[in-house]
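Going by our numbering, 547 is the number at position 1 of the sequence shown; the sequence numbering is gapless. Please read the structure below before turning to the comments.
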Amino acid sequence: MPVVGLRREREVLTVALQAARHVVIEGPPGTGKSTLLRDIAAELGRTVVFAEGNAELTPARLVGQYDPALVLTGGYVPASFTDGPLLQAMRAGSLLYLEEFNRVPEETLNVLITVLAEGEIAVPRLGLVSADPGFRLIAAMNPFDAIGTARVSQAIADRICRVVLGYQDAAAERQITTALTGQNGQVVDFAVTLTRATREHRDVRMGSSVRGAIDLVLLISGLTALRGEPGLIRGTAADAAHAALSGRIRLADGCDRTPESVLDELLAELWPAAEPSPRSGLDAQDEPDGQGKADGPPPAAAGRVSRSSLRRDRRGGGSRRTTSRAELAARHPGFADVSPEVGELDLAAVEAMLAADPDAAAALLADLALATDRELRAAARKLAARVFVRLAATGGRPGRGTRRLAPASRTDGDLDLELTIERQPAGWPPRSDELVTRTWRADRRAVCLLVDASGSMSGQALAIAAVTAASVVLADSQRIDTAVLSFGSQVSVLQRHGQQQAADKLVGDLLALRGHGLTDLAAALRAAAAQLASARADQRVGLLLSDCLHTTGADPAASLAGLDRLHVLCPLPTPESAAAASGLARAGGGISLPVRRLADIPAALTRLLAAG
547 MPVVGLRRER
557 EVLTVALQAA
567 RHVVIEGPPG
577 TGKSTLLRDI
587 AAELGRTVVF
597 AEGNAELTPA
607 RLVGQYDPAL
617 VLTGGYVPAS
627 FTDGPLLQAM
637 RAGSLLYLEE
647 FNRVPEETLN
657 VLITVLAEGE
667 IAVPRLGLVS
677 ADPGFRLIAA
687 MNPFDAIGTA
697 RVSQAIADRI
707 CRVVLGYQDA
717 AAERQITTAL
727 TGQNGQVVDF
737 AVTLTRATRE
747 HRDVRMGSSV
757 RGAIDLVLLI
767 SGLTALRGEP
777 GLIRGTAADA
787 AHAALSGRIR
797 LADGCDRTPE
807 SVLDELLAEL
817 WPAAEPSPRS
827 GLDAQDEPDG
837 QGKADGPPPA
847 AAGRVSRSSL
857 RRDRRGGGSR
867 RTTSRAELAA
877 RHPGFADVSP
887 EVGELDLAAV
897 EAMLAADPDA
907 AAALLADLAL
917 ATDRELRAAA
927 RKLAARVFVR
937 LAATGGRPGR
947 GTRRLAPASR
957 TDGDLDLELT
967 IERQPAGWPP
977 RSDELVTRTW
987 RADRRAVCLL
997 VDASGSMSGQ
1007 ALAIAAVTAA
1017 SVVLADSQRI
1027 DTAVLSFGSQ
1037 VSVLQRHGQQ
1047 QAADKLVGDL
1057 LALRGHGLTD
1067 LAAALRAAAA
1077 QLASARADQR
1087 VGLLLSDCLH
1097 TTGADPAASL
1107 AGLDRLHVLC
1117 PLPTPESAAA
1127 ASGLARAGGG
1137 ISLPVRRLAD
1147 IPAALTRLLA
1157 AG
């Protein structure tokens, strides 16, 4: 079908192509990136060469490579070379459409730098290949899906224009849905309205595209006909919505709901009040109530509340002091807005404070998690866990480390013909175990995060610790196995090596276990080594978040056995703590970095984890 809407984006992309510019089209799924490009290409009479971007796209697969059989018979001649999509597009003057641009490894993207700047590429043994004047690179990527993606380097971004696509307006989405389903009227209006509502819900990180509305119309129509219903019935709409939309929406990190419960809530809000809601053949109690399958965790058991601001609460498994409302008000100017009355937590005020000053808001939430006011404390812990996980995801998760192409004696990957011939001077052809391939290699690391939970870790320092813990747990688990320990005078295991748990659960446990008193760094380091002792990894790394001012136990520098490397993040450093952190990191063969704000966490973690 022809492109609906997107007039401005279409004009910009058309002019960019005519002006010999390369372009990246950026937008969430379902916004028409592929459709727009193909429509423009057809209008301009240009051919399109398609390449799928993914983590396994090597330079050889993008550029092309010599066919081993042809090389053995005819040698390294041009006829033995098989063009990849890049050279195909360059020679033919076509548009190279590279999907999932930000999933392509950096080593592969670097091949494009000279092509984008000079319009040519030097291929070993083949020589210099110049692009036809009509060649253009059109890349597409979804910036909102952080899993398996990487940041495009500035060297590439500086050589390419950027066109951003957003979701179209409701009228355009109704027109698209009508054109692709053949339906019109109430069912299309409902499907488009419900689909668009998923993008605005407070618990949804990424809502459904118009593809969800298309499927929803088709499912409602089919179910209505199958069930012999006279029109649009709420129960049928709910069944269709669960099937069409639940897999397309992504809930916010730390949210304890299911997609179905969000859809039921939206359905309850959007369904006409006069319309009877029970499903045909079901009792009223079976009707979705907005909670879906997940009603949330049961309320915390009531406990006896002390008036003392120094009360020790042992129900969380560790001793800690609570903080009175008067003390909270003295520490945080915004406390009265966030909690105007005993037991109250104003979510709107918290969100406003997060938008204005994330560090101040996070520090307040961390202290509220230890409020003497029991109801306020329970509400703050639940909210803090979700907020800290959200901040960890929004700020960017630590990278997966550097990967490189390296020779390997494996049957997967691209055949390295030269190395295979070099290592097999006689007895051709080689056996399969004698073939040399080039494949992506990365050291597998086992990481233990050690979080200082002593009395010095309160307010903003505790918030930094919680967001850091969430960031590490959210990191790529395929090559980073993470254990998490909390320590003061004693060590608590929050997450054992090889036993991944939800980030919000981990943050909640960290807030509940915070204590005060002595700091035994040596015991924490020994516990970290014990956690990583059985890890199947190339490297065992300790990541310590502490001021490194130990007050009891042995010398930490003498307790590093079992750790290949120790890195230190020093929250809110003073000259004394910065010096102590730097000295301990040097003793552990690692580096020490200060963290003064929440915004410092992503860059610091990326640097430390990339360093190994």
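Using N, Cα and C, we set each Cβ at its ideal position, and we do this for glycine too.
Closest by C-alpha distance to residue i, when choosing among the options
| i | options | result |
| --- | --- | --- |
| LEU1130 | ASP905, PRO1148, ASP1093 and ARG1142 | ASP1093 |
| GLN1045 | GLY1034, VAL1037 and THR1028 | THR1028 |
| VAL650 | SER626, THR739 and GLU602 | GLU602 |
| ALA876 | PRO904, ALA901 and LEU914 | LEU914 |
| ARG1153 | LEU1139, ARG1143 and LEU1144 | LEU1139 |
| LEU672 | ALA718, ALA1124, GLY1005 and VAL623 | VAL623 |
| PRO631 | THR619, VAL617, ASN648 and THR593 | THR593 |
| GLU811 | THR741, SER870, PRO1121 and GLU873 | THR741 |
| ALA938 | ALA1009, ALA926 and ILE586 | ALA1009 |
| VAL763 | HIS788, ARG751, ILE571 and VAL750 | HIS788 |
| ARG1042 | LEU582, GLY712, LEU1064 and ALA1076 | ALA1076 |
| THR804 | ASP749, THR782 and ALA635 | ASP749 |
| ALA1159 | LYS1051, ASP1084, LEU1091 and ALA1107 | The question about residue 1159 has no answer, for the chain in this structure spans 547 to 1158. |
| ARG780 | VAL617, VAL1141, ALA814 and SER626 | ALA814 |
| LEU608 | VAL617, ALA917, ASP998 and LEU642 | LEU642 |
For residue j and residue i, believed in contact at Cβ under 8 Å, the rounded distance
| i | j | result |
| --- | --- | --- |
| GLN729 | SER754 | 18 Å between Cβ atoms; not a contact. |
| ALA1058 | VAL935 | Rounded, the Cβ-Cβ distance is 15 Å, inconsistent with contact. |
| SER640 | PHE681 | 7 Å |
| GLY758 | ALA931 | The Cβ separation is near 29 Å, so there is no contact. |
| LEU893 | VAL1018 | The Cβ separation is near 27 Å, so there is no contact. |
| LEU929 | LEU891 | 7 Å |
| GLU646 | GLY599 | 4 Å |
| ILE571 | LYS579 | 5 Å |
| THR1035 | ALA1068 | According to the sequence as given, residue 1035 is Ser; it is not Thr. The Cβ separation is near 12 Å, so there is no contact. |
| THR1120 | THR1098 | Contact doesn't hold; Cβ gap of about 20 Å is too wide. |
| THR619 | THR654 | About 29 Å separates the two Cβ atoms, so there is no contact after all. |
| ARG871 | ASP919 | 6 Å |
Proximity below 8 Å, CB of residue i to CB of residue j
| i | j | result |
| --- | --- | --- |
| VAL993 | VAL1114 | no |
| PHE736 | LEU778 | yes |
| LEU633 | VAL675 | yes |
| ALA1011 | PRO879 | no |
| ALA661 | ALA677 | According to the sequence provided, residue 661 is Val. The question's Ala does not apply to it. For VAL661 and ALA677, yes; Cβs fall inside 8 Å. |
| LEU791 | LEU809 | yes |
| ILE702 | VAL569 | no |
| GLU555 | VAL756 | no |
| LEU1056 | LEU1031 | no |
| LEU563 | LEU590 | yes |
| VAL1037 | ALA1070 | yes |
| LEU1095 | GLU1122 | yes |
| VAL884 | MET899 | yes |
| VAL733 | ARG720 | no |
| ILE1147 | THR1014 | yes |
| GLY610 | THR581 | no |
| ARG1143 | ASP905 | yes |
| GLY793 | THR577 | no |
Where the beta strand (DSSP E) containing residue i begins and where it ends
| i | result |
| --- | --- |
| PHE596 | 594-598 |
| GLY1238 | In the structure as shown, the chain starts at 547 and stops at 1158, and residue 1238 therefore has no counterpart that could be examined. |
| GLU572 | 569-572 |
| GLN564 | Unbroken run through GLN564 is the alpha helix (DSSP H), 553-564; no beta strand (DSSP E). |
| GLU602 | Premise fails: GLU602 is in no beta strand (DSSP E) and is neither H nor E. |
| VAL997 | 991-998 |
| LEU633 | Note, LEU633: premise wrong, no beta strand (DSSP E); alpha helix (DSSP H) at 631-638. |
| ILE667 | 666-669 |
| LEU644 | 641-645 |
Bounding residues of the alpha helix (DSSP H) (the contiguous stretch that carries residue i)
| i | result |
| --- | --- |
| LEU583 | 579-590 |
| HIS1113 | Where HIS1113 is concerned, there is no enclosing alpha helix (DSSP H), although the beta strand (DSSP E) it sits in stretches over 1111-1117. |
| ALA1012 | 1006-1020 |
| GLY1129 | 1121-1133 |
| VAL657 | Element bounds for VAL657: n/a, residue is neither H nor E. |
| VAL750 | Per DSSP, VAL750 belongs to no alpha helix (DSSP H); it is in the beta strand (DSSP E), 750-752. |
| LEU772 | 756-773 |
| GLN1140 | It is worth fixing the name first, because residue 1140 is Pro in this sequence and not Gln. Segment 1138-1141 is the beta strand (DSSP E) holding PRO1140; no alpha helix (DSSP H) there. |
| GLY1099 | Where GLY1099 is concerned, there is no enclosing alpha helix (DSSP H), given that its DSSP letter is neither H nor E. |
| GLU811 | 805-816 |
| LEU674 | Per DSSP, LEU674 belongs to no alpha helix (DSSP H); it is in the beta strand (DSSP E), 673-676. |
| LEU791 | 780-791 |
Every unbroken alpha helix (DSSP H) inside the stretch 683-742 [4 residues or more]: 700-703 and 716-727
With a floor of 4 residues, list each alpha helix (DSSP H) that falls wholly inside the stretch 861-906, ordered by position along the chain. 871-877, 881-884 and 893-902
Report the start-end ranges of each alpha helix (DSSP H) in the stretch 1044-1086 that is 4 residues or longer and not cut off at the edges. 1049-1059 and 1067-1078
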